[in-house]
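S.K.:
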Amino acid sequence: MTTSPQGFTDISSTITAELEALLKTGAAAKGLKNLYTELMRKAKPTKVAIRTLDGLQYSYHDLSAASARMAHFIRSLGLAPGSRVAARVEKSPEALMLYLACLRSGMVFLPLNTGYQSEELRYFFNDAKPGLVVCDPSALGWIAPLAKSSGCHHVETLGSAISGSLLEKATPFSDDFPTFACGPDALAAILYTSGTTGRSKGAMLTHANLASNALVLHHAWHWQESDVLIHALPIFHVHGLFVAIHGALWAGAQMVWMSKFDAGAVAQECARATVLMGVPTFYVRLVESGLLTAERVKTMRLFISGSAPLLAETHQAFTQLTGQAILERYGMSETIMLTSNPYKGNRRAGTVGFALPSVELRLVDDQETPIKTKPGQESAIGGVQVRGPNVFAGYWNMPEKTKEEFAQGGWFKTGDMGQFAADGYLVLVGRSKDLIISGGYNVYPKEIELLLDDQPEVYESAVIGLSHPDFGEAVAAVVVPDPPEAASRMGPLDEAKILSRLRTMIAGFKLPKRLFFLPELPRNAMGKVQKNLLRERFASTFSAG
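First residue of the sequence shown: 1, per this note's numbering; consecutive thereafter.
1) So what does DSSP say about H154, is it helix, strand or coil?
2) In whole angstroms, give me the CA-to-CA distance for L310 and K91.
3) Pull up the DSSP beta-bridge partners for S59, would you.
4) Can you name the residues that DSSP bridges to G345?
5) Are there three or more Cβ pairs, one per stretch, closer than 8 Å when the segment 182-194 is compared with the segment 340-347?
6) Look up W411 in the DSSP assignment and say whether it is helix, strand or coil.
7) Helix, strand or coil, according to DSSP, for P172 in the structure here?
8) What did DSSP end up calling H222 once you bin it into helix, strand or coil?
9) Just to confirm my understanding: we take V479, look at its own chain, exclude 5 residues before and 5 after, and list those with CB closer than 6 Å. What are they?
10) Might you give, ordered along the chain, the residues of its own chain that have their beta carbon closer than 6 Å to the beta carbon of F318, omitting 5 neighbours on each side?
11) For G415 versus L428, is the C-beta distance shorter than 8 Å?
12) Sorted by chain position, which residues of the same chain lie with C-beta nearer than 6 Å to N126's C-beta, five sequence neighbours on each side aside?
13) Could you tell me whether the segment 55-69 touches the segment 378-398, using the rule of 3 or more Cβ pairs below 8 Å?
14) So, do the segment 351-359 and the segment 8-21 have three or more beta carbon pairs nearer to each other than 8 Å?
15) By Cβ distance, which residues of its chain are closer than 7 Å to M97, with the 5 residues on each side in sequence left out?
16) Can you find the residues in the same chain that come closer than 6 Å, C-beta to C-beta, to A170, ignoring five residues on each side of it along the sequence?
17) Quick check on DSSP: helix, strand or coil for C102?
18) Indicate whether Q316 and A349 have their beta-carbon atoms separated by less than 8 Å.
19) Is F177 helix, strand or coil by DSSP?
20) Can you say whether N346 is buried or exposed, counting buried as having 16 or more other CB atoms within 10 angstroms of its CB?
21) Could you tell me if I336 is buried or exposed, where buried requires 16 or more neighbouring beta carbons within 10 angstroms of its beta carbon?
22) For the beta strand (DSSP E) holding A477, just list the boundary residues, first then last.
23) Express the C-alpha separation of Q385 and A487 in angstroms, rounding to a whole number.
24) Nearest-angstrom Cα distance between C152 and G527?
25) What does the Cβ neighbour count give for K403, buried or exposed, with the cut at 16 atoms within 10 Å?
26) Where do the ends of the beta strand (DSSP E) carrying Q254 lie?
27) Whole angstroms are fine: how far does the CA of S540 sit from the CA of L132?
28) Kindly give me the distance between the Cβ atoms of L241 and P111, rounded to whole angstroms, as I take these residues to be in contact under 8 Å.
29) Using DSSP with H/G/I as helix, E/B as strand and the rest coil, what is Y283?
30) For A422, which of helix, strand or coil comes out of DSSP?
31) Using 10 angstroms around the beta-carbon of P492, count the other beta-carbons present and answer buried if the total reaches 16, otherwise exposed.
32) Apart from the five residues just before and just after M1, which ones in its own chain have a Cβ nearer than 8 Å to its Cβ?
33) At the 8 Å Cβ level, is M204 part of the contact set with chain C, yes or no?
34) Starting from E328, trace the beta strand (DSSP E) both ways and give me its first and last residue.
35) Express the C-alpha separation of P137 and R535 in angstroms, rounding to a whole number.
36) State the DSSP-derived secondary structure class of I464, mapped to helix, strand or coil.
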């Protein structure tokens with residue numbers, strides 16, 4: 001079964017026509033030459049593009065002029081188009097200007113999580129071989145030697161307080177730069193995956209990948225020049241760097257720039273903004289704060305959540321507080337955005353909606369045969385595969401791995417497991433690597449997590465498979481009590497009660513053999529639960545003896 005753009009029928013023909021024009025190639029084509037020109041096409045020079053909480057304002061002219069000076073400086077280093085520029089810097093408007101400068105000059109932007117330490121950076125530098133590394137001034141002492149040991153001869157600094165050698169050296173250059181015509185298939189960025197199951201992979205994203213997705217989301221989420229986006233996400237990740245920033249720039253809209261999420265500050269800005277993009281943690285904290293009301297968010301037209309599953313409880317509580325339903329969507333580093341709940345229509349909790357226009361999506365069985373479903377019936381669970389102009393060009397320096405991750409016909413294997421509801425909404429049930437095979441039976445963690453999360457003592461849960469001498473793998477669950485501070489009081493009796501209830505709801509092979517209670521689940525920077533850490537922590541639970 002391949003989804004069609006249900007929920008987007010009113011914009012599909014418009015998107016198709018614009019995509020065809022954008023992605024034209026050839027000597028006579030007038031299509032995409034550089035993502036930067038598309039992002040700034042609607043920009044009005046005097047309009048405020050970024051406003052910070054401490055009162056600073058940057059116009060679209062400021063973004064253009066500063067990125068031009070940076071682009072001139074980068075090219076003055078003798079770097080050829082296609083060279084990598086690695087940035088491990090704190091979030092700032094100037095960091096965004098660096099990204100735009102890389103696009104303009106034909107460089108490949110390599111954003112790095114500010115939490116990465118020496119051994120992680122050593123791997124990235126040795127793998128990507130950047131021609132320029134930009135870091136926070138406070139980290140120069142230990143990052144510069146790592147960069148130089150990988151063969152990088154240019155290391156500059158960029159601070160969050162309008163400081164650093166990059167700005168100083170770029171200042172003398174002209175604020176007019178002829179944007180490099182690199183073409184749609186040129187690389188724009190490399191994003192390294194988390195590497196929780198092995199060596200990190202660098203997903204190569206082209207100008208066409210990013211431009212096509214920005215155009216689709218522009219229509220799907222009804223972006224307008226009058227929009228004001230609250231930007232509280234990090235900018236080393238697809239969500240904050242591409243989805244949020246591209247959305248605002250493509251529309252010529254304004255961003256309220258926050259260095260990090262703060263529930264009070266976000267609630268205050270909701271009184272005059274129109275769009276918020278966040279991870280589930282944002283919405284949990286906003287609900288807990290009690291600061292949002294229907295009156296306070298009356299100018300807001302869209303709340304978007306992604307990067308990790310949003311609990312149905314949070315979705316419902318937010319709607320009760322504000323009168324607005326959060327829009328959940330689905331994407332990944334290799335594909336940017338793939339699906340979305342409809343802008344107009346039912347935004348169903350626990351689902352990620354429908355395939356976006358231009359995106360083809362299907363489910364396949366263990367033999368990679370497409371799963372067929374009769375109209376009006378729920379599908380079987382299968383592996384999610386996708387294709388479209390948004391799908392990445394492959395993994396950097398990993399041709400064999402790239403080949404493994406694509407099925408015949410150009411379908412990318414996302415590694416996610418999903419199921420179509422009877423009316424076509426996609427429900428993600430977990431990662432294929434998280435699939436538990438216990439005693440020969442397949443167990444999908446999401447099914448059990450949903451049941452656990454419905455229990456009155458449970459705030460949230462994570463189901464994992466642990467090595468077991470008899471079953472191969474045993475189902476186990478890590479539970480955060482509700483309220484979380486009750487963790488210290490939870491004991492065997494509570495575990496027995498919860499399991500007793502579950503026993504009447506699911507087959508015996510799916511029933512967790514153990515429950516573990518923690519005050520919180522480990523998460524990465526984007527809010528995704530790190531199940532690998534949980535598996536490591538409880539690995540010896542069922543060991544012999």
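Backbone N, C-alpha and C fix where the C-beta goes; we use that ideal spot for every residue, glycine too.
M.R.: Well, looking at it:
1) coil
2) 25 Å
3) V48
4) None; G345 has no bridge partner.
5) no
6) strand
7) coil
8) coil
9) V458, S461, L515, F517
10) Y283, V287, I326
11) no
12) S150
13) no
14) yes
15) L63, A66, S67, M70
16) R69, M70, F73
17) helix
18) yes
19) coil
20) exposed
21) buried
22) 472-481
23) Because the pLDDT at A487 is just 49, under 50, the model does not fix this residue reliably, and the value given afterwards should be weighed accordingly. So the two alpha carbons sit approximately 39 Å from each other.
24) 32 Å
25) exposed
26) 254-257
27) 45 Å
28) 6 Å
29) helix
30) coil
31) Summary for P492: the model assigns pLDDT 44, below 50, so the residue's position carries little reliability; its value from the coordinates is reported in the next sentence. That one is exposed.
32) Because the pLDDT of M1 is 46, which lies under 50, any placement of that residue in the model is unreliable, and the question is left without a value.
33) Within the model displayed, chain C is absent; a lone protein chain is all it includes.
34) 327-332
35) 37 Å
36) strand
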